[in-house]
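J.: The structure is given below, and queries will be raised subsequently.
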Amino acid sequence: MCIIFALIGIPGNLITIIALARCKKVRNATALFVINLSCSDLLFCCFNLPLAASTFWNRAWTHGDVLCELFPLARYGLLAVSLFTILAITINRYVMIVHPRIYPRIYRRKYLALMITLTWILSFTALIPTWIGAWGYFGLDKTIGSCSIMKDANGHSPKEFLFIVAFALPCLFIVLCYARIFYIVRMAAVQSHGGMDARKDSVRSRGSRRRRSQRKPPEPKQPNGEEPFVKFDNPEIRFMDSTSIGSGIQEVVENGQVPVPDEPSDASSIHEARTPPNNTSNASVLYRGRMTVRDKRLLKMILVIFSAFLICYLPITLTKIFKEITEVHGFNISGYLLIYMSTCINPIIYAVMSSEYRRAYWGLIMCHKQQNSV
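Everything in the sequence shown is counted per the working numbering, starting at 16 for the first residue and increasing by one.
Listed below in structure tokens is the structure:
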């Protein structure tokens, strides 16, 4: 199974990285975080999966002490990188939807580079005490036949701390962000329906005023019976009611809303027209709680990625915390297989749920034909 996951995960994540890096239409903050997530999964596929496959095949660790220390270091570190990257994507969506005014100031290129760097620094810095043997150590766990975090001479292990700080707290924060996003979007939808009803009433009122204004008053007669003015009867000439124009402008000002297209392109987005050149925002939301169809699809995709992450990583994480579960050999093996499967599942989610990512994949595959046609 590990070999199958590697054969799917390595090309899948590699294609994702190259396709998103080449495609200008999806070159935004979310795409950069997705590239970072794919890099983490690619490293896991290239380093951890072959060693895990060998361990399952030989039913023992046969790769020496150095790799026995590097194997759990990479596994726990890359796990943290993936989770922190998903957290960064969630915060990105949260700021874009709940605080769209400050989005262009936060998600600039230099800040994005800092955010991505922090996901790696924080993940592996937390493992330095274990690496030097000050708080547990990396070694062979004979109960499972693989290398993991072991208790030191004082019986101390950072597993519980890592579970809380690097797994439970980020997951809780992600859930809270999604709950807040759904609440804001729901409230915005309710207010939008109320505003539509008010606009309909305003349109009816303006229509009735326009009809009253178009009624011709009786024309006064001169004493000699002649017409006072020359009458123009040209159907091409139309007059607009100034009252309706003023009320329409006042309505836009009072509602504070500008129509936003359902499927904006990155180049024609209203938001990007007001965004500095060094900003990588793809936000098409100008008002709090307003989302385009593309934003909703992207939010669903991120939620599916997070759900898949939980399903794949939670079982093995629990086995490391509760010893009585670890004794169940089948549960332990299933937990490891879920971890290894997580490295190849994200590219499938991208391809299934995002039409833009599918076009990026297809553009990469057909790049030679496109270059020849140009």
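Built from N, CA and C at the ideal position, the CB exists for glycine as well.
None of the values given here were measured: they were computed from a predicted structure.
Starting from Asp-156, trace the beta strand (DSSP E) both ways and give me its first and last residue.
T.: 152-156
J.: Short of 7 Å in beta carbon distance, which residues of its chain neighbour Ser-161, apart from the five on each side in sequence? Order them along the chain.
T.: Thr-70, Trp-76
J.: Could you spell out where the beta strand (DSSP E) holding Cys-162 opens and where it closes?
T.: 161-165
J.: In chain order, which continuous runs of the alpha helix (DSSP H) of length 4 or greater are located wholly inside the region 116-157?
T.: 118-121, 124-140, 143-146
J.: Give the secondary structure of Cys-417 by DSSP, where H, G and I count as helix, E and B as strand, and everything else as coil.
T.: The structure shown does not extend to residue 417, since the chain is modelled only from 16 to 389, so the question has no answer here.
J.: Here's the rule I'm using: 16 or more other beta-carbon atoms within 10 Å means buried, otherwise exposed. How should Leu-133 be labelled?
T.: exposed
J.: Hey, out of Tyr-351, Lys-39, Asn-43, whose CA is closest to Cys-402's CA?
T.: Residue 402 lies beyond the range of the chain shown here (16 to 389); nothing can be said about it.
J.: According to DSSP, is Pro-173 part of a helix, a strand, or is it coil?
T.: Coil.
J.: Which residue comes first and which comes last in the alpha helix (DSSP H) that contains Val-113?
T.: Element bounds for Val-113: 79-113.
J.: Quick check on this structure: which residue in Thr-332, Met-316, Lys-166, Cys-359 has the alpha carbon closest to the alpha carbon of Val-367?
T.: Restricting attention to Thr-332, Met-316, Lys-166, Cys-359, the CA atom closest to the CA of Val-367 is found in Met-316.
J.: Whole angstroms are fine: how far does the CA of Pro-173 sit from the CA of Leu-329?
T.: 17 Å
J.: Output yes or no for whether 9 Å exceeds the beta carbon distance between Asp-310 and Ile-112.
T.: yes
J.: In terms of residue numbering, what span does the alpha helix (DSSP H) encompassing Ser-370 cover?
T.: 370-380
J.: Tyr-376 CB to nearest chain D CB: under 9 Å?
T.: No chain D appears in the structure shown, which is made up of a single protein chain.
J.: Should Phe-20 go down as buried or exposed, given a rule of 16 or more other Cβ atoms within 10 Å for buried?
T.: buried
J.: Can you tell me whether Cys-359 is helix, strand or coil according to DSSP?
T.: DSSP places Cys-359 in the helix class (H, G or I) of the three-state scheme.
J.: Based on Cα-Cα distance, which residue from Arg-201, Asn-169, Ser-97 lies nearest to Ile-320?
T.: Ser-97
J.: Among residues of its own chain, excluding the 5 on either side of Ile-411, which ones have a beta-carbon nearer than 7 Å to its beta-carbon?
T.: The displayed coordinates of the chain run from 16 to 389. Any statement about residue 411 would go beyond what the structure contains.
J.: Assign Cys-327 to one of three DSSP states: helix, strand, or coil.
T.: helix
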